[in-house]
Amino acid sequence: MIAALVVLPIAAGLALYLVPRSAELTAKWLGVLVAFACFVIAVLGNGQPDESLRWLQRPFTANLHVGLGGLGYWIVLLLALSTCCALVALRIPRQRDFVAQMLLLLGAMSGVFVARDLLVFALFWDLMLIPVFLMLVAWAPRRNTATAWRYLVYNLSGGLALLLATAAYGVVEGSTDVIGLSVGHGATAIGAVWGTWIFAGYAFGFLVKTPVWPFHTWMPDTYADLPPPAVAVVSAVQSKAGLYGFLVVTAPLLPDQMRAATTLMFVLGLVGLVYGALVALVQDDAKRIVAYSSLSHLGLILLAAFSGNPVALAGAAVYIVAHGLFSAGLFIVLGQVEEREETRLLSRLGGLGEIEPKLAGALHIMVLAALGLPGLCGFAGEILILTGLYQAGAVWPTAIALVPIILAAAYMLRLFQHFMHGPPREDIPQRPDLRPVELLALAPLVVAIVLLGVYPGPVANSGVVAGPNAVVSLAIGARR
Amino acid sequence: MPSTLTIPWGNADWNAILPLGVVALTPLLVILADLLLPRSLRRSVVLALAALGLIYAGFLAARGWGHPYSAFGGGFVTGGFTIVFQEIVIAGALFSLLLATHLGRDDQAGGAVALLLWSASGAMLMAGAANLMTIFLGLELLSLALYCLCGLAARPSAREAALKYLILSSTASGFMLYGMALLFGATGSVQLSAFAAPAASPMLFTLGSGLFLIGFVFKLSLAPFHIWTPDVYEGAPLPVTAFMSVVTKAGALAVLARFAYAALPQANAQAILVPLWIVAALSMIVGNVGALAQTDVKRLLAYSGTAQLGYVVAALAGTTSLGLRYAIFYLVAYMFMNLGAFAVVALLSREHEEGSHLSAYAGLGYRQPVLAALMTFFLLALAGLPPTAGFTGKLLILASSVDAGYAWLAVILIVGTAISAYAYLKIVLAMYARGAGAPLQRALHPASALPWLGVAICAIATFVLTFYPLAPSDVLPLVK
Amino acid sequence: MNAPMDVDVSYYIVLSTVIFFIGVGGVILRRNPLIMLMAIELMFNAANLALIAFARVWINNAGQIFAFLVITVAASEAAIGLAIVVVVFRRAKNVDVDEVAGLRG
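Protein chains in written order, with the numbering used here: chain A, 1 to 480; chain B, 481 to 960; chain C, 961 to 1065.
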C-alpha cells in the first residue's frame, strides 16, 4: 500500500505516453486523478505497518523498506496536494508529456519521504533530479539549456556525495535500514573519523538541495525557468528534502556530528536568511522574489533543525509544510498572472487588481501567508521556531532572524502592490479573470493554509522527543 | 623443476574445452552454409547458425558449474570464474550478432560472422587460461580476428581503424609477450599457479609483471593507453565495435583478475598492483573528461568504456573476494547498458551511414519517443543514475572500495561520475531540446526486429539488475 | 645459473633486451607500416630468444614450446598485417602512416 505511493505515479507517468499526444485534457485529468489517488493512499496509509523487501545482503544489509508516518507523512500529503493543484491549473504546450514528467517527479519524491532505508533514500534522491532536468530541457524558455546544466551539476554533485556517504555508512555500520531509528534504538554511534566524513557527505547533499547559502546559485534560475506547475512542486517539496534529511536522517543517526556542526550551520542559515531577504527586496522578476524569499525562509528552518530544541523542531515541521503550501500557491498564482499578461516583471505590471479581482484575492492570501500573518500557516511556524531558538539560548541568532521576517513583509507587499495596485498599464493585454477551474486549483491550498494556521498541532506533534539530549526524531513515530 | 605437457585426451580435458570447441567449430558450419546457400537466404541462415552455436556453448558452459575441470596440462581450468566470464563473452557475442543485420556486404556476412565467433572463442580461452601460453594464444586469437573485422566496412575510416588497431595492439602484445618471457625467467614456470611462491628473481618478476600488465592495460583501453580506442571504435563497423566493447574487455579482465587474485605472491601483490590502481583512477578521470567533447556516440562510448573499465578495475583494488564479485556484477551491468546503447545506434543506422552522430539524435524524443526514452535509460545507467543497474553497480563498487581501504578510489569514482553525467546527458538534451537543429526525418532501419530485441533485453536486464544484483558467489579464480 | 655451455645465459638475455628495444624504437620512430610490422616481429622474436634462454636456465622445455607457439602466431599476425597494409595503401603512392590520419586521436 505505501509502496503504491511510489509505484503508482511512476507507472502512470510511463503509461501516459500511451495516451495519444493530442488528448491533452485526458492526460491532464488522468494526472490529477493519480495525484489525488496518492493523496488518498497517503491518508489511508498513515501509521500502517512498514513494507520491506530484501535488496542487498553484502557488503551491507539494505532493504527496499518503505513506511509512512511522522514528518514524512505530512510532506507526502503536501506533495500529493500540491501536484494535484498544479495539474488542475495546467495549461502548457505538449501537455501529455508534461503531465507524465510531473507524475514521475511525484513518484520519485514520494520515494524520498517514505524511504526507511538510506540506500532507498539515496536512490530516490538521485532519481528526482531526472524529471526536473528533463522539464528544464524540454520546456526551457528561449531554448536556454544552461539552467538545466546548472541544476544538474549542483544537485548531482550533492546526490553523489550523499551516495558515497551512504556506501560508507553501510560499510561501517553493516546496515542501511536505519531511517527512523536513533542512536540507542538499534543504530550505533559511528566513530569520529568516519562519522565526520559521512556527515559531511550527507550535509553537502542536503545543503545543495535545500538550498542553503552559498550553494543556492542554481536555485533562482531554475525556479525562473521551470514552468509554473513544476516550480510549484519543486519549491514546495523538493526543497524540503534537504531539511527533512537533516531532521530525519542525520539528527537521529549522527547526533554528535550534528552538534559539532551547529555553529557552522547557524552561520550559513543566518547569512542565507538575511541575504535572501535583501536580494528579494530588489528583484524585478516576481518568480525570483519568491525564489529568494524561499532561500530566506529555508535558512530559518535550518536554524531550527540545528537548535536541538523541541519547540523549534516542532516549529520546523510546521514551517516545512507551511512554506510548501504558500510557495506552491504563490508559484501557481504567478503562473496564472504570467499566462494572462505574458510577463511577470514588477516594472511591467500594475493595476491588475481592478481588472482581475479574483486573481488579486488569490495572490493576496498567498502573500499574507508568506509574510507570516497570524492565523495563517506561516505565522504558526515562525513563532514556534523563534520561541524555540530563544529557549535554546540562541539570543543573537533569534534577534538577527527577526530582521528578515520583517523584511518579508516589505518584499511580499512590494510584489503585491506592483502587480495589483496603481493605474492599469495600457500596454498589457486585457484578459479575463480566473476561470472556475483555476479557482478550484487554489481552493485546497487556501483551505490548508488556514487550517494549518489555526490548528498546527498534528504537524507540530509529528515528532517525538527522544533521549536526554533533546534530539528529536521526526520519524520515530513511524518506525515499528 | 622440469614439467611435462600431457596430450589432452582425458575425459576431463574434453569437458573443459567443450564450450570453447563448439564456438570454435561453429564457424566452419557458418562458412559451409555461406558457400552452399543462395544469396537471399545466406545472411539469415548464417546468423541463425552462429546464434545456435553460441547458445549451445552457453548451455554447455553453464552445465559445467560446480565441476572444475582442467585441460592442456593445467593450461586451461574451468570453475565458477571461468564459466561466468565465458557466459559474458557468449552473451556479448550474441548481442553483437543481433546488431549484425547489416555487417558488411551480403557476400561477406559468412566470413564476418565466422571471424566474430573465432574471436569470441579466443576470449573464452582467455577466461579459463591458467598459464602464460594459453593466455597468449587466447589473446592473439581474439585480436587477429578483430583486426580483419575492423576493416570490414567499405569506408576509408574502417581501413584506417584496422591499421591503427593492428599496429598498436600488436605492439601491446609484444610488450606483454616480453613480460611473459621475463616472468618465465623469474619463476621457471609458465603456470600461473607457480607464481604465488616467492620468485627466484624478484626484480625480474616485478619487471615482467609490469610489462605484462601494460599489455592488458592496453587491451582494456585504460588510460594512458586508451588513445587508440575512440578511433578504432569510430572506424569499425557497429556490430564489431559493440563486440569489442564487451568481449575483448571481458577476456582481458578475466586474465587480469586471475593474475591479480591467484598468481601474485601475497607478499608483494599490492606493491605490483598499485600502479594498476593508479591507472584505474586515471581512467575514471581521463575517460570521463575525454567523453565530454565527443559528438559521435561511438567515440563517446569508447571514452565511456575507458572510464567504466576504470570502475571495474577499482573494484578489484583490495583483491578481496567481494571486490571480484562486484567487478563481475558491474561488468555484466556494463554489458547490458552499453550494448543497449549500441543497439539504439544500430536502429538509427541506415545502409551507408551509422546513426552515431549527435545530429541523428536531435529531436528524437519527439520523433521516436520510445526509442528516445530507452536511450535515455541506457545513458542514465552509464552515468550511474537510478533506477538502473549502473546505480547499484557503482554503489557496490563504492562500498567494496571503502571496505578494502581504498576510499580515495571511491572519491575519484564519484568525481568521475559527476563529470560523466555531462557527457551522457548531452545526448539526452539533444533528444529532448526543442528545435536544436533541423530534425532529419529518418525512417528506422528496415531489418530492425533483431536490434529491437537487443534493446528490449538490455533494458529489462538493466532495470531488473538494479534490485536483484546477482553477484555470483564462488567465483574466485582457481589456480591448481 | 651454471648452464652447461660456453656462453653464459645472461648474454642471451642482454641480447634479447637489446633486440626488444630496437623493436620498440622501430615502432615508435618509423612511419612506414611495413617497417613497423617488422619492428613488432623483432619484439616477438626478442621474447622468443628470452624464452629459449630461460628454458635452458630452468631446464624446462615449456619455454621452447612457448617459442614455437609464438612463431606460428607471429606468422599469422604478419599475414593479416600485410593484408591490411595492402588494403589500406592500395591506392596510395607512399606507404606512410601519416597519410592515414582521417580519424583524430
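Backbone N, C-alpha and C define an ideal beta-carbon position, used for all residues, glycine too.
Treat the numbers as computed from the prediction; the structure is a model and nothing was measured.
DSSP state of residue i, grouped into three classes?
i, result
"D514/B", "helix"
"A706/B", "Reading the sequence as shown, one finds His at residue 706/B and not Ala. Looking at H706/B - three-state DSSP - the assignment turns out to be coil, as it is neither helix nor strand."
"H837/B", "strand"
"H547/B", "coil"
"E51/A", "strand"
"S22/A", "coil"
"V557/B", "strand"
"V66/A", "strand"
"Q774/B", "coil"
"N611/B", "strand"
"Q95/A", "helix"
"A115/A", "strand"
"T176/A", "coil"
"Q588/B", "helix"
"L700/B", "coil"
On the CB-based measure, 16 or more other CB atoms within 10 Å of its CB, does residue i come out buried or exposed?
i, result
"V1033/C", "buried"
"G457/A", "exposed"
"E24/A", "buried"
"Y455/A", "exposed"
"P468/A", "Confidence at P468/A is low in this model, with a pLDDT of 32, below 50, so its placement is unreliable and no value can be given for it."
"N461/A", "exposed"
"A12/A", "buried"
"R143/A", "exposed"
"V850/B", "exposed"
"Y713/B", "buried"
"S829/B", "buried"
Which chain B residues are close to residue i, counting only those with a beta carbon under 7 Å from its beta carbon?
i, result
"L156/A", "A898, A901"
"I1040/C", "L624, Y627, C628"
"W55/A", "F947"
"L1011/C", "A661, F664"
"V137/A", "L909, Y912, A913"
"S1036/C", "L624"
Using a Cβ-Cβ cut-off of 8 Å (strictly less than) and excluding sequence neighbours within five positions of residue i, which residues of its own chain qualify?
i, result
"P444/A", "L81, C84, C85"
"P227/A", "I92, F98, M135, W139, G335"
"M996/C", "G986, V987, R990, V1057"
Taking 6 Å as the limit between beta carbons, can you name the residues of its chain near residue i, skipping five residues before and five after?
i, result
"A362/A", "V333, L442"
"F246/A", "F206, A305"
"I765/B", "G896"
"A4/A", "I41"
"V290/A", "L330"
"A918/B", "Below a pLDDT of 50, predicted positions are generally treated as unreliable, and A918/B, at 47, falls in that range; the measurement from the model is reported next regardless. The answer is none, since no qualifying residue turns up."
"Q774/B", "L780"
Give the residues of chain B in contact with residue i, contact being defined as C-beta atoms less than 8 Å apart.
i, result
"D427/A", "None at all; the shortest Cβ gap to chain B is about 28 Å."
In chain B, which residues lie with their C-beta within 9 Å of the C-beta of residue i?
i, result
"P59/A", "L802, Y806, L876, A879, S880, V882, D883"
"V1045/C", "L643, L646"
Listing by chain order, which chain A residues have their CB less than 8 Å from the CB of residue i?
i, result
"I894/B", "L160, A161, L163, L164"
Which chain A residues sit within Cβ distance under 9 Å of residue i?
i, result
"L865/B", "D126, L127, L129, I130, L156, G159"
"A890/B", "L164, A167, A168"
Leaving out the 5 sequence neighbours to the left and right, which residues in its chain are closer than 7 Å to residue i when beta-carbon positions are compared?
i, result
"L579/B", "L718, P719, A722, F822, A823, A826, P931, G934"
"N1021/C", "A1015"
"I973/C", "A1010, A1013"
For residue i, verify whether its CB is less than 6 Å away from any heavy atom of the ligand NAP.
i, result
"A42/A", "With respect to the ligand NAP, the structure shown offers nothing to examine, as it has no ligands at all."
Taking 7 Å as the threshold (C-beta atoms), are residue j and residue i in contact?
i, j, result
"G350/A", "R425/A", "yes"
"L946/B", "P867/B", "Here the sequence assigns Thr to residue 946/B, which means Leu is not the residue at that position. Result yes, Cβ atoms of T946/B and P867/B sit closer than 7 Å."
"A241/A", "F331/A", "no"
"Y904/B", "L859/B", "yes"
"V208/A", "Y154/A", "yes"
"V492/A", "W74/A", "A question about residue 492/A goes unanswered here, because the residues of chain A that appear run from 1 up to 480."
"A360/A", "M420/A", "yes"
What residues of chain C sit near residue i, judged by a beta carbon separation below 8 Å?
i, result
"F616/B", "F1026, L1029, V1030, V1033"
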